[in-house]
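Colleague: Going by our numbering, the first residue of the sequence shown is number 6, and it counts up by one from there.
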Amino acid sequence: EPALPANNDVGPNPTTVGSVDGSPVRWRAMSVRGPHGELITVAIELSDMQHTVRSLLWLQVAIGAGVLLVVGMAGSAVVHRSLRPLIEVERTAAAIAGGQLDRRIPERDPRTEVGRLSLALNGMLAQIQRAVASSESSAEKARSSEDRMRRFITDASHELRTPLTTIRGFAELYRQGAARDVEMLMSRIESESSRMGLLVEDLLLLARLDAQRPLEERRVDLLALATDAVHDAQPIAPNRKITMEVLDGPGTPEVLGDEARLRQVLSNLVTNALQHTPESADITVRVGTDGDDAVLEVVDEGPGMSQQDAQRVFERFYRTDSSRTRTSGGTGLGLSIVDSLVYAHGGTVAVTTAPGHGCRFRVSLPRITDVPAHVG
Numbered sequence: 006e007p008a009l010p011a012n013n014d015v016g017p018n019p020t021t022v023g024s025v026d027g028s029p030v031r032w033r034a035m036s037v038r039g040p041h042g043e044l045i046t047v048a049i050e051l052s053d054m055q056h057t058v059r060s061l062l063w064l065q066v067a068i069g070a071g072v073l074l075v076v077g078m079a080g081s082a083v084v085h086r087s088l089r090p091l092i093e094v095e096r097t098a099a100a101i102a103g104g105q106l107d108r109r110i111p112e113r114d115p116r117t118e119v120g121r122l123s124l125a126l127n128g129m130l131a132q133i134q135r136a137v138a139s140s141e142s143s144a145e146k147a148r149s150s151e152d153r154m155r156r157f158i159t160d161a162s163h164e165l166r167t168p169l170t171t172i173r174g175f176a177e178l179y180r181q182g183a184a185r186d187v188e189m190l191m192s193r194i195e196s197e198s199s200r201m202g203l204l205v206e207d208l209l210l211l212a213r214l215d216a217q218r219p220l221e222e223r224r225v226d227l228l229a230l231a232t233d234a235v236h237d238a239q240p241i242a243p244n245r246k247i248t249m250e251v252l253d254g255p256g257t258p259e260v261l262g263d264e265a266r267l268r269q270v271l272s273n274l275v276t277n278a279l280q281h282t283p284e285s286a287d288i289t290v291r292v293g294t295d296g297d298d299a300v301l302e303v304v305d306e307g308p309g310m311s312q313q314d315a316q317r318v319f320e321r322f323y324r325t326d327s328s329r330t331r332t333s334g335g336t337g338l339g340l341s342i343v344d345s346l347v348y349a350h351g352g353t354v355a356v357t358t359a360p361g362h363g364c365r366f367r368v369s370l371p372r373i374t375d376v377p378a379h380v381g
């Protein structure tokens with residue numbers, strides 16, 4: 006029972022008291038006066054209430070822990086979802102660092118910060134890829150150009166050394182008095198000197214073309230050039246059949262260019278055909294138009310060449326077979342000069358050939374299209 010004061014009056018306010026027997030049970034007691042002045046004391050045991058409070062406290066702790074767990078899991082999911090684009094950015098950056106320059110970040114909603122970041126990074130990656138590709142291409146071109154220049158210098162040195170060695174040998178024979186035919190000796194020295202002079206002129210021309218120096222520009226009638234080329238070749242090879250044909254096509258074969266250099270293009274092609282075909286092989290010079298291009302063709306009925314040789318025939322000092330020797334009087338640069346001159350005029354040159362079927366060299370140049378007349 007509750008431990009009350011001697012008069013059992015605990016006051017009108019609820020008061021917590023212990024038990025009379027020292028029990029840990031606590032009581033809640035209060036005293037009031039009745040209608041007749043009597044003292045009424047009421048006490049309620051707190052054990053059940055304390056148990057209920059403890060149960061509610063543990064329930065509150067459990068609910069709080071559950072809520073915290075759910076909130077933590079939800080927050081973790083939201084954070085992971087929010088960071089997923091950044092994780093993809095990190096993975097893409099790692100892949101690019103490993104050499105995969107074509108990797109891109111998946112596009113997101115451009116209205117979000119991550120979406121705008123992805124677009125900006127993808128644009129930057131595209132520019133980096135183009136820059137790297139351009140750098141690699143430039144480096145490859147530089148290496149290729151350096152290799153070609155090295156081969157060119159080596160070949161040029163060899164070609165120049167040959168006539169110089171010949172001239173020096175004949176001069177030594179003359180100095181020693183061992184030469185019996187002085188006229189023949191002088192003729193050979195003069196011939197080798199002339200060939201060396203032609204080689205030097207061709208080398209200088211190629212150097213100017215490589216430097217991309219501007220050419221003279223004026224209206225040039227390719228029909229007149231083709232006619233002159235045929236007429237000029239006939240005295241050189243009177244026993245050869247050299248003819249001219251006019252190709253059907255719209256407009257006239259007039260181009261804007263350097264007349265002297267275009268004459269050299271035709272001359273080199275005709276000379277090439279004369280030097281590397283037998284006397285029985287006919288040669289035809291064709292001129293005309295093809296769409297917006299003016300066309301020149303030199304066709305021979307010679308032995309032709311393989312496709313492997315055709316792919317390299319415009320390389321400097323390249324000789325396809327034993328017929329292309331120094332005894333032919335050429336420098337080994339004629340077709341290279343043709344290729345460089347045509348390229349300088351914004352045109353193209355190609356060869357169509359097969360063993361036993363002759364060769365057709367075709368030059369295409371941008372023509373002047375303000376002349377409506379028809380060829381022929």
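Note that CB positions come from ideal geometry on N, CA and C, so glycine has one too.
Source: prediction; values computed, not measured.
Would you mind reading off the limits of the alpha helix (DSSP H) that contains Arg-193?
Modeller: Looking at the DSSP string, the run of the alpha helix (DSSP H) that includes Arg-193 is 187-215.
Colleague: Classify Thr-57: buried if its beta carbon has 16 or more other beta carbons within 10 angstroms, exposed otherwise.
Modeller: Answer is exposed; the Cβ neighbour count stays below 16.
Colleague: Taking Leu-9 and Thr-46 to be in contact with their CB atoms under 8 Å, please state how far apart those CB atoms are, rounded to whole angstroms.
Modeller: Indeed they touch by this definition, with Cβ atoms about 6 Å apart.
Colleague: What's the C-alpha gap between Ala-368 and Leu-204?
Modeller: According to the sequence displayed, residue 368 carries Val and not Ala. Approximately 24 Å between the Cα atoms of the pair.
Colleague: Alpha carbon to alpha carbon, what distance is there between Val-347 and Thr-248?
Modeller: The straight-line gap from Cα to Cα measures roughly 23 Å.
Colleague: If you drop the 5 nearest sequence neighbours on each side, which residues of the same chain put their C-beta closer than 8 Å to that of Pro-17?
Modeller: Once the five neighbours on either side are set aside, the close Cβ partners of Pro-17 are Met-35, Ser-36, Val-37.
Colleague: So within the region 105-190, which uninterrupted alpha helix (DSSP H) runs reach at least 4 residues, ignoring any that extend past its ends?
Modeller: Whole alpha helix (DSSP H) segments, 4+ residues: 118-181.
Colleague: With which residues is Gly-262 paired in a DSSP beta bridge?
Modeller: Gly-262 pairs with Arg-223.
Colleague: Name the DSSP beta bridge partners of Ala-34, please?
Modeller: In the DSSP output, where bridge partners are listed per residue, Ala-34 has Thr-20, Ala-48.
Colleague: For the putative contact between Val-292 and Pro-258, defined by C-beta atoms under 8 Å, what is the C-beta separation to the nearest angstrom?
Modeller: With 8 Å as the limit, Val-292 and Pro-258 qualify as a contact, their Cβ atoms being about 5 Å apart.
Colleague: On the DSSP bridge assignment, give the partners of Phe-366 in chain order.
Modeller: In the DSSP output, where bridge partners are listed per residue, Phe-366 has Val-303, Val-356.
Colleague: Alpha carbon to alpha carbon, how far is Ser-87 from Leu-126?
Modeller: The alpha-carbon atoms of Ser-87 and Leu-126 are separated by roughly 18 Å.
Colleague: For Asp-53, does the count of other Cβ atoms within 10 angstroms reach 16, so buried, or fall short, so exposed?
Modeller: Label assigned to Asp-53: exposed.
Colleague: Using alpha carbons as the reference points, say which of Glu-264, Arg-245, Gly-256, Val-235 lies closest to Glu-222.
Modeller: It is Glu-264.
Colleague: DSSP puts Thr-294 in a beta bridge; with which residues?
Modeller: The partner list for Thr-294 (beta bridge, DSSP) reads Ala-299.
Colleague: Could you check where the alpha helix (DSSP H) with Val-343 kicks off and where it finishes?
Modeller: Where Val-343 is concerned, the enclosing alpha helix (DSSP H) stretches over 339-349.
Colleague: Going by beta carbon distance, what residues of the same chain come within less than 7 Å of Leu-230, once the five residues before and after it are set aside?
Modeller: Excluding sequence neighbours, Leu-230 sits near Leu-267, Arg-268, Leu-271.
Colleague: Rounded to whole angstroms, what is the Cα-Cα separation between Leu-209 and Gly-256?
Modeller: Approximately 36 Å, taken between the alpha carbons.
Colleague: When DSSP labels each residue in this structure, what does Glu-93 get in the three-state scheme?
Modeller: Three-state DSSP puts Glu-93 in a helix.
Colleague: Please name the residue in Leu-190, Val-22, Gly-39, Pro-40 whose C-alpha comes closest to that of Trp-32.
Modeller: The option with the nearest alpha carbon to Trp-32 is Val-22.
Colleague: Considering just the uninterrupted stretch of the beta strand (DSSP E) at Met-249, what are its terminal residues?
Modeller: Note, Met-249: beta strand (DSSP E), 247-251.
Colleague: Hey, quick one: how far does the alpha helix (DSSP H) through Arg-317 stretch, first residue to last?
Modeller: Element bounds for Arg-317: 312-317.
Colleague: Can Asp-349 and Leu-220 be called in contact, C-beta distance under 8 Å?
Modeller: A quick correction: the sequence has Ala, not Asp, at residue 349. Contact flag set, yes.
Colleague: Are any of the Cβ atoms in chain D nearer than 8 Å to that of Ala-34?
Modeller: You won't find chain D in this structure, because it holds only one protein chain.
Colleague: Pair every Cβ in the region 171-179 with every Cβ in the region 298-317, then say whether three or more of these pairs are closer than 8 Å.
Modeller: At 8 Å Cβ cutoff, the stretches do not touch.
Colleague: Report all residues from its chain with a CB closer than 8 Å to the CB of Asp-344; omit the five preceding and five following residues, and keep chain order.
Modeller: Phe-319, Val-354.
Colleague: If you run the structure through DSSP and keep just helix, strand and coil, what is Arg-324?
Modeller: Coil, per DSSP.
Colleague: Taking 8 Å as the threshold (C-beta atoms), are Leu-261 and Phe-366 in contact?
Modeller: No. Outside cutoff.
Colleague: Which same chain residues, not among the five before or five after Arg-109, have their C-beta less than 6 Å away from its C-beta?
Modeller: Here the set comprises Asn-127.
Colleague: Got a sec? Which residues, its chain only, sit under 7 Å from Arg-224 by beta carbon, not counting five neighbours each side?
Modeller: Around Arg-224: Glu-259, Leu-261, Ile-373.
Colleague: Which residue wins for smallest C-alpha separation from Asp-91, given the options Gly-363, Gly-39, Leu-122?
Modeller: The amino acid occupying residue 91 in the given sequence is Leu; Asp does not appear at that position. It is Leu-122.
Colleague: By DSSP, does Pro-283 sit in helix, in strand, or in coil?
Modeller: Reduced to three states, the DSSP call for Pro-283 is coil.
Colleague: On the CB-based measure, 16 or more other CB atoms within 10 Å of its CB, does Met-201 come out buried or exposed?
Modeller: Buried, because 16 or more other Cβ atoms sit within 10 Å of the Cβ of Met-201.
Colleague: Put Ile-241 into one of helix, strand or coil per three-state DSSP.
Modeller: Helix.
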